[in-house]
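For reference, the structure discussed in these notes is given below.
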Amino acid sequence: IPEVNLASKFEYSPLFYTAKDGGLVFAAPNKGATTSKNTKYTRTELREMLRKGNGRIKTQGVNKNNWVFGSMHSSGQRKAGAVDGSLEATVAVNRVSTTGDIKKVGRVIIGQIHAIKDEPIRLYYRKLPGNEKGAIYFAHEINGGDDIWTNMVGTRSHTLANPEDGIALGELFSYKISVEKDLLVVTLIREGKPNITKTLDMSESGYHLSNQYMYFKLGVYNQNNTGDDGDFVQATFYHFDNTH
16 IPEVNLASKF EYSPLFYTAK DGGLVFAAPN KGATTSKNTK YTRTELREML
66 RKGNGRIKTQ GVNKNNWVFG SMHSSGQRKA GAVDGSLEAT VAVNRVSTTG
116 DIKKVGRVII GQIHAIKDEP IRLYYRKLPG NEKGAIYFAH EINGGDDIWT
166 NMVGTRSHTL ANPEDGIALG ELFSYKISVE KDLLVVTLIR EGKPNITKTL
216 DMSESGYHLS NQYMYFKLGV YNQNNTGDDG DFVQATFYHF DNTH
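So the mapping is simple: our numbering equals the position in the sequence shown, first residue as 1, plus 15.
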């Protein structure tokens, strides 16, 4: 959906709409259409567009629509729309999948940095059936390589017991994802509790290379493509902001 349509309050209920409390609802079924041949999961997400509706600027590439790491050569930095950046969001996960493959049940990605093919970060929420609370963790995908996993609250295990300090469905929390040069900083923010911050050195991950461009994404990226036809994930975002 182009930026101009979104700016004109585009809605597509029940997958993308404004709730009565003012929050922006994102939902994605376990089984449904995918956005490309390269993905096997459904999603409803917003993609950062620094061009702000200027169709003369291409969506992809090291250009004014996307940003780059501050570790990239200065020639690439000059071509980009921004250098380094942060994404902040306040969200409540309303529903996760409850049926299907136990290794996939309950998983949803609620924030990302995407590069050409890989993701410097995918931020997950996961709540297993029978548990009252869910976990928060993230993956850092090395450019052309494997994932590095970091737990913030609980773990990504599909045998996880109820996380003592976990987050319940409907519970409001915030996250912040920041990049400065090759340093990734992820912070989990909850009222009445100390912030949880994790950092990761990306200097060996290959995202400083001249062809690597970045953009933030947020919403719901369902990580379960099995189970009942009516199963789905849903989250409501009450605030989000990108800065560079």
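Idealized CB from N, CA, C, for every residue including glycine.
Only a predicted model underlies this, so the values are computations on that prediction, with no experimental measurement involved.
- In the same chain as G76, and ignoring 5 residues on each side of it, the C-beta atoms closer than 8 Å to its own belong to Y228, in chain order.
- Cβ atoms of R137 and F153 come within 8 Å of each other, at about 6 Å.
- By the neighbour-count definition (other C-beta atoms within 10 Å, threshold 16), F25 is an exposed residue.
- Contact annotation: the region 63-72 does not touch the region 211-225, with fewer than three C-beta pairs closer than 8 Å.
- For secondary structure counted as the beta strand (DSSP E) over 3 or more consecutive residues, the region 118-171 holds these complete runs in sequence order: 122-129, 136-141, 148-156, 162-168.
- Linking T170 to G145 through their CA atoms gives a straight-line distance of about 16 Å.
- DSSP lists W82 as the beta-bridge partner residues of A97.
- Secondary structure at A42: strand, using DSSP grouped into helix, strand and coil.
- When the five nearest sequence neighbours on each side are left out, the beta carbons in the same chain lying within less than 7 Å of the beta carbon of Q238 are those of Y56, K119, R122, V123, I124, in order along the chain.
- If you draw a straight line from the Cα of V19 to the Cα of G181, it is about 38 Å long.
- A130 and G115 have their alpha carbons spaced roughly 30 Å apart.
- Non-local beta-carbon contacts of Q249 in its own chain, meaning distances under 6 Å to residues more than five positions away in sequence, involve A42, N109, R110 in chain order.
- Residues Y253 of the same chain have their beta carbon placed closer than 8 Å to that of G37, with the five preceding and five following residues left out of the count.
- Note on D197: 16 or more other CB atoms within 10 angstroms of its CB, so buried under the neighbour-count rule.
- The Cβ atoms of T59 and F84 do not sit closer than 7 Å to each other.
- Contact annotation, E103 with F247: C-beta distance approximately 26 Å; criterion of less than 8 Å not satisfied.
- DSSP places N226 outside any alpha helix (DSSP H), giving it a letter other than H or E.
- Within 10 angstroms of the beta-carbon of K232 lie 16 or more other beta-carbons, which makes it buried.
- Residue pairing by DSSP places F188 opposite V106 in a beta bridge.
- Looking only at D161, I157, G159, G149, the smallest Cα-Cα distance to M167 is reached by G149.
- Within the same chain, Cβ atoms closer than 7 Å to the Cβ of D244 are found at K46, the five residues on either side in sequence being excluded.
- Per DSSP, V19 is one residue of the alpha helix (DSSP H) stretching across 18-22.
- In this structure T202 is in contact with K191, their Cβ atoms being roughly 4 Å apart against a cut-off of 8 Å.
- Contact check for G242 against S112 passes: the beta carbons are separated by less than 7 Å.
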